[in-house]
Amino acid sequence: MKNMNKYLLALGSVAAFASPAIAQEAESLDAKVNAAFAALTGPFVSFIFAPIPGTSFPWIVMWLVIAATVFTFYFSFVQLKFFKHALSLVRGDYSDPNDAGEVSHFQALATALSGTVGLGNIAGVAVAVGIGGPGATFWMILAGLMGMASKFTECTLGVKYRNEYADGTVSGGPMYYISKGFKELGLPGGKFLAVLFSIFCILGALGGGNMFQANQAHAQISGIVGDYPGWITGIVFAVVVFAVIVGGVKSIARVTEKVVPFMGVLYVGAALVVILMNYDQIGWAFGQIFAGAFTGLGVAGGMVGALIQGFKRAAFSNEAGVGSAAIAHSAVKTNEPITEGFVSLLEPFIDTVVICTMTALVITISGQLIIDPATGNYAVEAGKIATVGGTSGVALTSAAFASAFSWFPFVLAIAVVLFAFSTMISWSYYGLKAWTYLFGEGKTAELTFKIIFCVFIVIGAAASLGPVIDFSDAAIFAMAVVNITGLYFLMGVVKKEFVSYRERLASGEIKKFVE
Amino acid sequence: MTTTLVVGLDGEGSGDRALAYGKRLAGLIGDCTLLVTYVIEWSPYSFQTPEENAERHKRREEEIAVALERVVNPAVASLKADGMKAKGMVRHGDVADTLNAISLEVNADQIVVSRSSEGGFVKRIFGSSTANLVMSASVPVTVVG
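Keeping their order, the protein sequence lines are chains A and B. Residue numbering for the first sequence follows our numbering, beginning at 1 and increasing consecutively. Residue numbering for the second sequence follows our numbering, beginning at 1 and increasing consecutively.
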């Protein structure tokens, strides 16, 4: 407690510097942070997004697409055949009443969703549509549908190989299933891959799960209250996150966890209203999505450009194949690990197929993307589609919603801040689990990570979007490189569980508790 | 055949009145087992942080232990001391649904509960657990004032 007070004091004294007298200096501090950050992360980003020789297609996107396709076929289109069963599991039809009070399938899904539904769905989709055109949406939906199989595979393994400690707590995730699974199969290198995954998971937690969130939250707030240095937003966020993850102020987390689903419903509801208000354009919008998917409609890179953006943003939004969800889902109470796999496949569906598509439709219908009347294609400027007012990222989504409801940017700003906050809380946990896997469970190790996490919030809010979004993507995709490698070796284990469960379900051995 | 009465406690004074009435009833019946139950309000559809999920099993065990130690076990002990046949049970869930499920599970003849201890706002919006139980129970319910 004494230590904690010291840290709180330290954070408070940093916050005290937020005076107007040094605002100008702060602007240059932002620029310095930005330049240093871009220089530091450049080589890593370049490697992850390197194109396949002779093409402009990043190898990492191909890696994810191939994995999702392999899992889809290997598990005989599990995402379609077991979709209804997944809903039944979430409803609790197969949950033993004697297990009441344990983590339910619904809770595990909701927790995992609060880590994924957020800025990826609002800002990420705007980035995809802004660069790849409406056609990117088609590839995003396809990636979401295929990604359901990847999620199924990793979350089944997450539960199967989790660590259950004597005090009743659990820890799970790729680092555990890769190391334990490889050992069980007598394969070498499990420990090495698990360590590698943990390193990338920490970077992903600090990047996509932290800096990207802080950065876009700042963009939203400054868009409403006027421009001011990013590090001020960063410090405010850092203090609140610090209070939750270090100070154990659970009430903030609880309020957020309750408000976030409400904001999600409000967001989807508002999107539906915008779409229905323009019902005569729905057909046209889908026409743009399909035509754009195969022709590009003039966007940079044409069809391939749309495809790359679609797959990239889908993966960043639903995290299928990345391994983060396996950490979140592993706490569920079940005797059948595969059931959590079924439940988890709903995650990319809700996140990408439903919510991301809504955002893309609203942006397309709103007319924010400028069409060149001469060609009928989108007007492209500096690799991006020209937009009304030159907006991009979350500002583009905000402008699209504002075309229907002038007050919506305020609601969106609150939603973005809350989504950013809940994603940060989730990712602080994922990062922490990776950290403790590397450095062992213990108060000092945990506190060290949590402080680093808070410092990165300030850096993320101060840096400009370009380098932050690149690094965030790169770190998260690097997790997928290791995780999917592990999944290829372990998918046989999942198949065994899958076949056994399918047979027992068909024979009536696995019964519903609720009819 | 022995008669089983389910007595629902809420950890407050009103629960004691239900227990006293159940005890009286059991005395009048003769061959009667009292199942003293305490339901910890819990919903599988609530939202939790990843950390809360990771610790949920541990917390559940702790909640059950506390409920047994502070509410159920003392009640069972006092009934036994008075020569009654009594058992205890702690469950998580919706109070009304769970008490009903328990009564069906043990083939109970009656459920004895006290009048609601919930506050005005919650009661107005969701109805009280006691009212919900009376509306949905599959066995007779006695509500002690």
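Positions of the beta carbon are idealized from the N, C-alpha and C atoms, including for glycine.
{"query": "Whole-Å CB distance - Val72 (chain B) paired with Val90 (chain B), under 8 angstroms assumed", "result": "6 angstroms"}
{"query": "Within chain B, partners of Pro409 (chain A) - CB distance below 8 angstroms", "result": "Within 8 angstroms Cβ-Cβ: nothing; Pro409 (chain A) doesn't reach chain B, min ~26 angstroms."}
{"query": "Whether Lys87 (chain B) touches Leu35 (chain B) by CB criterion (8 angstroms)", "result": "yes"}
{"query": "Below-8 angstroms beta-carbon distance, Asn53 (chain B) vs any chain A residue", "result": "yes"}
{"query": "Spatially closest choice to Val170 (chain A) from B:Asn53, B:Thr130, B:Glu62, by CA coordinates", "result": "B:Asn53"}
{"query": "Span of the alpha helix (DSSP H) around Gln107 (chain A)", "result": "105-116"}
{"query": "Alpha carbon of Ala100 (chain A) to alpha carbon of Ala137 (chain B), nearest angstrom", "result": "19 angstroms"}
{"query": "Beta carbon proximity, Gly508 (chain A) to chain B, threshold 8 angstroms", "result": "no"}
{"query": "Among A:Leu193, A:Tyr165, A:Asp167, A:Phe471, nearest to Tyr177 (chain A) - alpha-carbon criterion", "result": "A:Leu193"}
{"query": "Residue closest to Lys179 (chain B), alpha-carbon to alpha-carbon, out of A:Pro51, A:Ala35, A:Gly341, A:Gly168", "result": "Nothing about residue 179 (chain B) can be reported from this structure: the residues present for chain B run from 1 to 145 only."}
{"query": "Ala415 (chain A) versus A:Met263, A:Cys155, A:Met211, A:Pro58, residue with shortest Cα-Cα distance", "result": "A:Met263"}
{"query": "Three or more C-beta pairs below 8 angstroms linking the segment 180-187 of chain A and the segment 4-13 of chain B", "result": "no"}
{"query": "Val239 (chain A) versus Lys443 (chain A) - alpha carbon distance", "result": "19 angstroms"}
{"query": "Ranges of the alpha helix (DSSP H) found wholly within the segment 422-477 of chain A, counting only runs of at least 4", "result": "443-462"}
{"query": "The segment 424-438 of chain A touching the segment 395-407 of chain A, judged by at least three CB pairs closer than 8 angstroms", "result": "no"}
{"query": "Inter-residue spacing [alpha-carbon to alpha-carbon] between Trp139 (chain A) and Thr153 (chain A)", "result": "21 angstroms"}
{"query": "Cα-Cα separation, Leu157 (chain A) to Glu164 (chain A)", "result": "14 angstroms"}
{"query": "Counted within 10 angstroms of its Cβ, other Cβ atoms place Phe237 (chain A) as buried (16 or more) or exposed", "result": "buried"}
{"query": "Counterpart residues of Lys85 (chain B) in DSSP-defined beta bridges", "result": "B:Thr33"}
{"query": "Ser472 (chain A) versus Lys511 (chain A): straight-line alpha-carbon distance, rounded", "result": "43 angstroms"}
{"query": "Nearest residue (CA-CA) to Thr375 (chain A), options A:Val299, A:Gly173, A:Met211", "result": "A:Val299"}
{"query": "Val517 (chain A) classed as buried or exposed, judged by whether at least 16 other C-beta atoms fall within 10 angstroms", "result": "With chain A represented from 1 up to 515, any question about residue 517 (chain A) goes unanswered, as that position is not in the structure."}
{"query": "Secondary structure of Phe419 (chain A), DSSP reduced to three states", "result": "helix"}
{"query": "Under the three-state DSSP convention, the category Gly269 (chain A) falls into", "result": "helix"}
{"query": "Contacts of Arg24 (chain B) in chain A (Cβ-Cβ under 7 angstroms)", "result": "Chain A residues near Arg24 (chain B): none, gap ~31 angstroms exceeds 7 angstroms."}
{"query": "Inter-residue Cα distance where the pair is Ala413 (chain A) and Thr423 (chain A)", "result": "15 angstroms"}
{"query": "DSSP three-state assignment for Glu12 (chain B), whether helix, strand or coil", "result": "coil"}
{"query": "Contacting positions in the segment 36-65 of chain B - beta carbon closer than 9 angstroms to chain A", "result": "Ile40, Trp42, Ser43, Pro44, Tyr45, Ser46, Phe47, Gln48, Thr49, Pro50, Glu51, Glu52, Asn53, Ala54, Glu55, Arg56, His57, Lys58, Arg59, Arg60, Glu61, Glu62, Glu63, Ile64"}
{"query": "Local Cβ density within 10 Å of Thr55 (chain A), reported as buried at 16 or more and exposed below that", "result": "exposed"}
{"query": "Boundaries of the alpha helix (DSSP H) in which Ser324 (chain A) is found, first to last residue", "result": "324-329"}
{"query": "Proximity below 8 angstroms, CB of Gly209 (chain A) to CB of Tyr430 (chain A)", "result": "yes"}
{"query": "Chain-order list of residues whose beta-carbon lies under 7 angstroms from that of Gly130 (chain A) (same chain, five-residue window excluded)", "result": "Lys384, Ile385, Thr387, Ser392, Leu396"}
{"query": "Among A:Gly132, A:Ile66, A:Ala270, nearest to Trp407 (chain A) - alpha-carbon criterion", "result": "A:Ala270"}
{"query": "Chain B contact for Lys511 (chain A) (CB, 8 angstroms cutoff)", "result": "no"}
{"query": "Within 8 angstroms, strictly: CB atoms of Val117 (chain A) and Asp280 (chain A)", "result": "no"}
{"query": "Val304 (chain A) versus Ile289 (chain A) - alpha carbon distance", "result": "14 angstroms"}
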